[in-house]
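Chemist: Dumping the structure here so I can ask a few things about it.
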Amino acid sequence: NKVFVKAVLPAKATKAFTDEEDLFICKAFVNVSTDPCVGANQKGNTFWKKVHEKTYLMIKEDIEATVVGERGYESLRNRFQKTIHTKVQLFNRYYKQAVEKEQSGWTKEMYIEAAKKLWLQFEHTTYRWGDCTRVLHDMPKYNPITVDKPKEEVGGSTRVMGDKFDRPVGTKKAKKQKLLDMLEHNSV
143 NKVFVKAVLP AKATKAFTDE EDLFICKAFV NVSTDPCVGA NQKGNTFWKK
193 VHEKTYLMIK EDIEATVVGE RGYESLRNRF QKTIHTKVQL FNRYYKQAVE
243 KEQSGWTKEM YIEAAKKLWL QFEHTTYRWG DCTRVLHDMP KYNPITVDKP
293 KEEVGGSTRV MGDKFDRPVG TKKAKKQKLL DMLEHNSV
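Here is the structure:
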């Protein structure tokens, strides 16, 4: 009668994400999300593998980057979905509150600073995803002004959310342009 016991080793703790890593993840997320050659029809794991690849490609290209080591794509996905996305969306609520006060002559940066003060007041910590917010605010999903306004009346016509953003190039046209660019580059 032998009893086999399986030893369970404690999980190796990884280093906490740095603000710099968060910024690279956000830049890669935007880059992969807006790639016209691929379009919006990407499966979750495939999308996050591309984000992972793009993140570390951007880190390697940046001579001033201090990120050491490489995490798996699941780790980047979890960091983005559970932390960055959540914090930026919550920050957008404070940003909208600041914008609703409509201070004359204020710039977007001034509203961001006002939103950071609201964050500190209600969350009792400083907001450390400011760089991520600036990167993500260019996407309709993360633009705090258009998120809750699905339609608005403008001069008798109805505008759809995100209407102020340029419509992206279609997938076929983008692939054709990419092929032409490659052919032109190879012929030079």
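Each number in my numbering corresponds to the 1-based position in the sequence shown with 142 added. Cβ atoms here follow ideal geometry from the backbone N, Cα and C, with glycine treated the same way.
#1: If you draw a straight line from the alpha carbon of N187 to that of V174, how long is it in whole angstroms?
#2: Exposed or buried, H382, counting other C-beta atoms within 10 Å across all chains shown (16 or more means buried)?
#3: On the three-state DSSP scale, how would you describe P286?
#4: On the three-state DSSP scale, how would you describe G214?
#5: Near E212, which residues of its chain fall below 7 angstroms by C-beta distance, leaving aside the five closest residues on each side in sequence?
#6: Quick one: Cα of Q184 to Cα of T267, how far?
#7: Which word fits L321, buried or exposed, when buried means at least 16 other C-beta atoms lie within 10 angstroms of its C-beta?
#8: Which same chain residues end up closer than 7 angstroms to V230 when comparing Cβ atoms and leaving out the 5 residues on each side of it in sequence?
#9: Between which two residues does the alpha helix (DSSP H) holding D280 run?
#10: With F189 as the anchor, note down where its alpha helix (DSSP H) starts and where it stops.
#11: Under the three-state reduction of DSSP, which class applies to T300: helix, strand or coil?
#12: Just to confirm the assignment, what range does the alpha helix (DSSP H) spanning D161 have?
#13: So for R221, helix, strand or coil by DSSP?
#14: Less than 7 angstroms between the C-beta atoms of Y253 and W261, yes or no?
#15: Excluding sequence positions up to five away, which residues of its chain have a Cβ less than 6 angstroms from the Cβ of E163?
#16: How many angstroms separate the CA atom of L218 from the CA atom of K314?
Modeler: On the basis of the coordinates in this document:
#1: Here the question's residue 187 lines up with position 45 in the sequence shown. Here the question's residue 174 lines up with position 32 in the sequence shown. Rounded to the nearest angstrom, the two C-alpha atoms are 13 angstroms apart.
#2: This structure cannot speak to residue 382, because the chain is shown only from 143 to 330.
#3: In the sequence shown, counting from the first residue as 1, residue 286 sits at position 144. Assignment of P286 by DSSP, reduced to helix, strand and coil, places it in the coil class.
#4: Position 72 of the sequence shown, counted from the first residue, corresponds to residue 214. Correct three-state label for G214: coil.
#5: Numbered from 1 along the sequence shown, position 70 holds the residue referred to as residue 212. Answer for E212: Y198, listed in chain order.
#6: For the purposes of this step, residue 184 is taken as residue 42 along the sequence shown, with counting starting at 1. For the purposes of this step, residue 267 is taken as residue 125 along the sequence shown, with counting starting at 1. Taking the straight line joining both Cα atoms gives about 36 angstroms.
#7: Taking the sequence shown and counting its residues from 1, the one referred to as residue 321 is at position 179. Its Cβ having fewer than 16 others within 10 Å, L321 is exposed.
#8: Walking along the sequence shown from the start, residue 230 turns up at place 88. Close CB contacts of V230 within its chain, under the 7 angstroms cut and outside five residues either way in sequence, are with W271, C274, T275, L278 and Y284 (chain order).
#9: Locating residue 280 in the sequence shown gives position 138, where the first residue counts as 1. Element bounds for D280: n/a, residue is neither H nor E.
#10: Numbered from its first residue, the sequence shown carries residue 189 at position 47. From DSSP, the alpha helix (DSSP H) with F189 extends over G186 to E203.
#11: Numbered from its first residue, the sequence shown carries residue 300 at position 158. Residue confidence is low: T300 scores 49 on pLDDT, short of 50, so the model does not pin down where it sits. Its coordinate-derived value is still stated next. Residue state, collapsed to three classes: strand.
#12: In the sequence shown, the residue the question calls residue 161 occupies position 19. Taken as a continuous stretch (DSSP letters only), the alpha helix (DSSP H) holding D161 covers D161 to S175.
#13: Locating residue 221 in the sequence shown gives position 79, counting from the first residue. In this structure, R221 counts as helix in the three-state DSSP scheme.
#14: If you number the sequence shown from 1, residue 253 lands on position 111. If you number the sequence shown from 1, residue 261 lands on position 119. No.
#15: Residue numbering aside, residue 163 sits at position 21 when the sequence shown is read from its first letter. Around E163: V209.
#16: By one-based count along the sequence shown, residue 218 stands at place 76. By one-based count along the sequence shown, residue 314 stands at place 172. Across the structure, L218 and K314 are spaced so that their CA atoms are roughly 30 angstroms apart.
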